[in-house]
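K.L.:
108 is the number that numbering that gives the first Met the number 0 gives to position 109 of the sequence shown; each next residue is one higher, with no gaps.
Ideal Cβ positions, reconstructed from N, Cα and C, are used throughout, including at glycine.
The structure's right below; bear with me while I get my questions together.
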Amino acid sequence: MLDAYLTEEQVFLQQLAHDFAEKEIRPIAMELDHNPDPAQSAYMDRILEKADKVGLRTMPIPEEYGGGGIDSLFTQCLVGEELGWGDRGVGGMLLSASKITHLLMSDLATQEQRDKWLRAYVADPKFLISQAMTEDETGSENLLPYDGVDGGFRTRAVREGDCYVVNGLKRFISNVGYAKLNFVYVRTDPAKSVLDGVTLLMVPIDTPGLKFGRVFDKMGYRLNLNREMIFENARVPVENRLGPENYGIININKHLRGGDGLINAAAMVGLARAAYEAAMEYASSRVASGKAIIHHQAIGFKLVEMYTAINAARSYVWQAARAVDGRDKVPMDWKLPGSASYFAHEAACEVTRAAMEVHGGMGVMRDMPIEMYLRNAYNMLHSDGGIIMKKLKVMKQMEAGVHAGNGAGMRVTF
Numbered sequence: 000m001l002d003a004y005l006t007e008e009q010v011f012l013q014q015l016a017h018d019f020a021e022k023e024i025r026p027i028a029m030e031l032d033h034n035p036d037p038a039q040s041a042y043m044d045r046i047l048e049k050a051d052k053v054g055l056r057t058m059p060i061p062e063e064y065g066g067g068g069i070d071s072l073f074t075q076c077l078v079g080e081e082l083g084w085g086d087r088g089v090g091g092m093l094l095s096a097s098k099i100t101h102l103l104m105s106d107l108a109t110q111e112q113r114d115k116w117l118r119a120y121v122a123d124p125k126f127l128i129s130q131a132m133t134e135d136e137t138g139s140e141n142l143l144p145y146d147g148v149d150g151g152f153r154t155r156a157v158r159e160g161d162c163y164v165v166n167g168l169k170r171f172i173s174n175v176g177y178a179k180l181n182f183v184y185v186r187t188d189p190a191k192s193v194l195d196g197v198t199l200l201m202v203p204i205d206t207p208g209l210k211f212g213r214v215f216d217k218m219g220y221r222l223n224l225n226r227e228m229i230f231e232n233a234r235v236p237v238e239n240r241l242g243p244e245n246y247g248i249i250n251i252n253k254h255l256r257g258g259d260g261l262i263n264a265a266a267m268v269g270l271a272r273a274a275y276e277a278a279m280e281y282a283s284s285r286v287a288s289g290k291a292i293i294h295h296q297a298i299g300f301k302l303v304e305m306y307t308a309i310n311a312a313r314s315y316v317w318q319a320a321r322a323v324d325g326r327d328k329v330p331m332d333w334k335l336p337g338s339a340s341y342f343a344h345e346a347a348c349e350v351t352r353a354a355m356e357v358h359g360g361m362g363v364m365r366d367m368p369i370e371m372y373l374r375n376a377y378n379m380l381h382s383d384g385g386i387i388m389k390k391l392k393v394m395k396q397m398e399a400g401v402h403a404g405n406g407a408g409m410r411v412t413f
């Protein structure tokens with residue numbers, strides 16, 4: 000979608016991402032999605048190399064390290080929508096660069112760490128990263144987080160000289176087994192909660208003792224691989240630690256920009272848009288009772304509702320992203336990113352379901368893209384922290400605002 004307030008650079012990047020999605024992602028997405036092997040990964044090299052050539056893979060990396068230098072969250076959301084329109088899974092893989100940027104450009108990282116890993120990322124067109132939090136017995140609770148010593152991460156890291164010896168298992172981790180660098184949250188003090196007993200380590204793919212388990216066979220989002228990480232006395236150099244030992248998850252997150260989940264939310268808007276466009280095309284060509292079904296009120300009204308939901312979600316994401324970008328100039332309402340993300344995910348589910356209904360019986364056929372869009376949308380309800388966790392975080396922020404005497408906190412912040 001074009002907007003009168005976009006800069007020339009933003010319009011260029013938006014179109015670049017759209018063209019890439021149209022030419023490189025869409026032609027392969029359905030066939031790969033239908034592959035019964037969840038561990039397929041041959042396409043990743045080709046996509047990454049092509050994305051690298053046009054600058055999409057390195058877009059958010061600072062210019063001094065050879066990247067595109069696009070640090071605006073709003074601009075990244077514009078790109079995210081187009082890649083999500085291409086395919087939600089491939090888009091998620093390509094958008095992961097924002098994580099390495101904001102972890103390594105934060106105060107957590109040393110200059111030596113930035114120089115080493117950002118340059119390595121830019122130099123290797125197949126370089127991906129992963130962020131490993133979820134385990135067998137703990138997941139989204141770490142995002143609030145739960146402050147009991149009986150909860151949180153079980154993966155343990157014990158200091159031995161100039162290394163940490165890591166043991167444990169992570170699961171459902173995107174890009175694992177392919178990512179060259181993994182950001183892993185570990186428990187370094189089991190007597191403390193995740194608030195002050197957790198440390199963040201950078202674990203290269205070739206670390207001794209790091210193994211990779213099964214690839215999960217998901218309903219949707221199949222072109223973004225989720226896998227187990229197995230640590231068996233894996234030795235990670237102390238120099239690969241980000242921030243202090245036992246810094247705790249809240250303190251770690253305080254150093255990050257915040258709101259990066261909006262890039263995923265923008266990709267959900269793109270997914271919803273793809274479903275809407277498919278429904279419009281079908282409704283314009285499918286004839287019933289002597290006229291295209293778009294001219295029947297039941298179908299026409301449904302298309303209007305889909306169009307409205309997409310634009311509402313996009314506007315919400317844009318508002319939140321612009322607020323994050325302007326947080327140094329205007330007080331930030333941190334309820335915006337979480338609520339916008341939740342809204343966009345729900346909107347994508349509503350729109351893809353409506354698109355399936357517009358298609359009638361064809362909507363559930365495997366040779367049509369609609370059923371893939373639906374699976375991708377509903378799969379994302381349980382990713383990136385999950386919808387319930389997004390609501391809980393916003394609720395906690397509301398409660399904190401009331402206790403601080405800030406009322407409902409609805410003042411416009413941009």
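Relative to the C-alpha of L12, which candidate in A291, E81, A131 and T133 has its C-alpha closest?
P.N.:
Indexing the sequence shown from 1 puts residue 12 at position 13. Per the Cα distances, E81.
K.L.:
Which residues bound the alpha helix (DSSP H) around V164?
P.N.:
For the purposes of this step, residue 164 is taken as the residue at position 165 of the sequence shown. No alpha helix (DSSP H) holds V164; the beta strand (DSSP E) holding it covers C162 to S173.
K.L.:
DSSP state of V323, grouped into three classes?
P.N.:
Within the sequence shown, numbered from 1, the residue matching residue 323 stands at position 324. It is helical.
K.L.:
Our contact map puts A157 next to S192 with C-beta atoms below 8 Å; I'd like the distance itself, whole angstroms only.
P.N.:
Stepping through the sequence shown from its first residue, residue 157 is reached at position 158. Stepping through the sequence shown from its first residue, residue 192 is reached at position 193. Correcting the residue identity first, residue 157 is Val in this sequence and not Ala. Between S192 and V157 the Cβ distance is about 18 Å, and since that is not below 8 Å, they are no contact.
K.L.:
Would DSSP call E63 helix, strand or coil?
P.N.:
Here the question's residue 63 lines up with position 64 in the sequence shown. In this structure, E63 counts as helix in the three-state DSSP scheme.
K.L.:
When the Cα of Y315 is compared with those of G150, V183, G258 and T133, which residue comes out closest?
P.N.:
Within the sequence shown, the letter at position 316 stands for residue 315. Nearest of G150, V183, G258 and T133 to Y315, Cα basis: G258.
K.L.:
Rounded to a whole number of angstroms, what is the C-alpha to C-alpha distance between E7 and D332?
P.N.:
As a first step, residue 7 is located in the sequence shown; it is residue number 8 there, counting from the start. As a first step, residue 332 is located in the sequence shown; it is residue number 333 there, counting from the start. E7 and D332: Cα-Cα distance of roughly 28 Å.
K.L.:
How would you label E398, buried or exposed, when you count the other beta carbons within 10 angstroms and need 16 or more for buried?
P.N.:
The sequence position of residue 398 within the sequence shown is 399, counting from 1. Flag for E398 reads exposed.
K.L.:
Measuring CB to CB, does R186 end up less than 8 Å from R153?
P.N.:
Position 187 of the sequence shown holds residue 186. Position 154 of the sequence shown holds residue 153. In contact: R186 and R153 (Cβ atoms closer than 8 Å).
K.L.:
Looking only at its chain, what residues have a beta carbon closer than 8 Å to the beta carbon of R410, apart from the 5 residues adjacent to it on each side?
P.N.:
Mapped onto the sequence shown, residue 410 falls at position 411. Confidence in R410 is poor, its pLDDT being 37 and thus under 50, which makes the residue's placement unreliable; the coordinate value appears in the next sentence. Around R410: D332.
K.L.:
Would you list the residues sitting across from N225 in a DSSP beta bridge?
P.N.:
As a working note, residue 225 is residue 226 in the sequence shown. Paired residues: S173.
K.L.:
Note the first and the last residue of the continuous beta strand (DSSP E) segment covering M201.
P.N.:
As a working note, residue 201 is residue 202 in the sequence shown. Per DSSP, M201 belongs to the beta strand (DSSP E) from V197 to P203.
K.L.:
Return the first residue and the last residue of the beta strand (DSSP E) that K210 is part of.
P.N.:
In the sequence shown, counting from the first residue as 1, residue 210 sits at position 211. Its beta strand (DSSP E) spans residues L209 to V214.
K.L.:
Let's see if you can read the secondary structure: which residues bound the beta strand (DSSP E) around F182?
P.N.:
Taking the first residue of the sequence shown as position 1, residue 182 is located at position 183. Per DSSP, F182 belongs to the beta strand (DSSP E) from L180 to R186.
K.L.:
Going along the chain, which residues of its own chain have a beta-carbon closer than 8 Å to the beta-carbon of E134, five neighbours each way excluded?
P.N.:
Along the sequence shown, read from residue 1 onward, the residue named residue 134 stands at position 135. Excluding positions up to five away in sequence, the list reads F152, R153, T154, G167, L168, K169 and R170.
K.L.:
Out of A41, Y377, L93 and D36, point me to the one whose CA is closest to V53's CA.
P.N.:
Position 54 of the sequence shown, counting from 1, holds the residue named residue 53. With distances taken between Cα atoms, V53 lies closest to L93.
K.L.:
Taking the alpha carbon of L102 as the reference point, which residue from D123, E304 and L117 has its own alpha carbon closest?
P.N.:
In the sequence shown, residue 102 corresponds to position 103, counting from 1. Closest by alpha carbon: L117.
K.L.:
Starting from V290, follow its DSSP beta bridges and name the residues at the other end.
P.N.:
Within the sequence shown, the letter at position 291 stands for residue 290. The amino acid at residue 290 is misidentified as Val; the sequence shows Lys. For K290, which the question treats as bridged, DSSP gives the partners A287.
K.L.:
With a 10 Å radius around its C-beta and 16 neighbouring C-beta atoms as the bar for buried, classify S288 as buried or exposed.
P.N.:
As a working note, residue 288 is residue 289 in the sequence shown. S288 is exposed by the Cβ-count criterion.
K.L.:
Measure from the alpha carbon of A339 to the alpha carbon of each residue in K125, V183, A119 and I262, then state which is nearest.
P.N.:
Translated into positions along the sequence shown, residue 339 becomes position 340. Nearest option by C-alpha distance: I262.
K.L.:
For D418, collect the residues of the same chain with a Cβ closer than 7 Å to its Cβ; drop the 5 residues on either side in sequence, then sort them by chain order.
P.N.:
Here the chain covers residues 0 to 413 and nothing more, so residue 418 does not appear.
K.L.:
Give the C-beta separation of L180 and G242 to the nearest angstrom, bearing in mind that I take them to be a contact with Cβ-Cβ under 8 Å.
P.N.:
If you number the sequence shown from 1, residue 180 lands on position 181. If you number the sequence shown from 1, residue 242 lands on position 243. L180 to G242, Cβ: 16 Å. No contact.
K.L.:
Can you check the segment 52-116 for any alpha helix (DSSP H) of at least 4 residues that lies completely inside it and give the ranges in chain order?
P.N.:
Whole alpha helix (DSSP H) segments, 4+ residues: 72-85, 87-93 and 96-103.
K.L.:
Under DSSP, the alpha helix (DSSP H) around I369 begins and ends at which residues?
P.N.:
On the sequence shown, position 370 is the one that residue 369 refers to. From DSSP, the alpha helix (DSSP H) with I369 extends over I369 to N378.
K.L.:
Work out the CA separation of H344 and Q396 for me, nearest whole Å.
P.N.:
For this step, residue 396 is matched to residue 397 along the sequence shown. For this step, residue 344 is matched to residue 345 along the sequence shown. Spanning the two alpha carbons is a distance of roughly 20 Å.
K.L.:
Using the C-alpha atoms, what's the distance from E276 back to L15?
P.N.:
For the purposes of this step, residue 15 is identified with residue 16 of the sequence shown, where counting begins at 1. For the purposes of this step, residue 276 is identified with residue 277 of the sequence shown, where counting begins at 1. Using only the alpha carbons, I get a separation of about 20 Å.
K.L.:
Check whether the Cβ atoms of R25 and G85 lie closer than 8 Å to each other.
P.N.:
Here residue 25 is taken as the residue at index 26 of the sequence shown, counted from 1. Here residue 85 is taken as the residue at index 86 of the sequence shown, counted from 1. Cβ atoms of R25 and G85: closer than 8 Å.
K.L.:
Please report the residue range of the alpha helix (DSSP H) in which S340 lies.
P.N.:
Here residue 340 refers to the residue found at position 341 when the sequence shown is read from its first residue. S340 -> alpha helix (DSSP H) spans K334 to V357.
K.L.:
Does DSSP put F413 in a helix, in a strand, or in coil?
P.N.:
Taking the first residue of the sequence shown as position 1, residue 413 is located at position 414. Low local confidence applies: a pLDDT of 29 at F413 is under 50, so the model's placement there is unreliable, and no value is given.
K.L.:
Hey, out of K210, V286, M364 and A347, whose CA is closest to A311's CA?
P.N.:
Here residue 311 is taken as the residue at index 312 of the sequence shown, counted from 1. Closest option to A311, Cα to Cα, is A347.
K.L.:
Short of 6 Å in beta carbon distance, which residues of its chain neighbour K210, apart from the five on each side in sequence? Order them along the chain.
P.N.:
Within the sequence shown, residue 210 is the residue found at index 211, counting from 1. Around K210: I229.
K.L.:
Is it buried or exposed, M201, if we count other Cβ atoms within 10 angstroms and call 16 or more buried?
P.N.:
For the purposes of this step, residue 201 is taken as residue 202 along the sequence shown, with counting starting at 1. Counting Cβ neighbours within 10 Å, M201 comes out buried, since at least 16 surround it.
K.L.:
Under a Cβ-count criterion, where at least 16 other Cβ atoms within 10 Å of its own Cβ denotes burial, should A320 be classed as buried or exposed?
P.N.:
To locate residue 320, count along the sequence shown from 1; it is residue 321. So A320 ends up on the buried side.
K.L.:
Taking N375 as the reference, which of T351, I387, Q9 and H358 has the closest Cα?
P.N.:
As a first step, residue 375 is located in the sequence shown; it is residue number 376 there, counting from the start. The shortest Cα separation from N375 among T351, I387, Q9 and H358 belongs to T351.
K.L.:
With distances taken between CB atoms, is the gap from V197 to I248 smaller than 8 Å?
P.N.:
Locating residue 197 in the sequence shown gives position 198, where the first residue counts as 1. Locating residue 248 in the sequence shown gives position 249, where the first residue counts as 1. It is a contact, given that the beta carbons lie within the stated cut-off.
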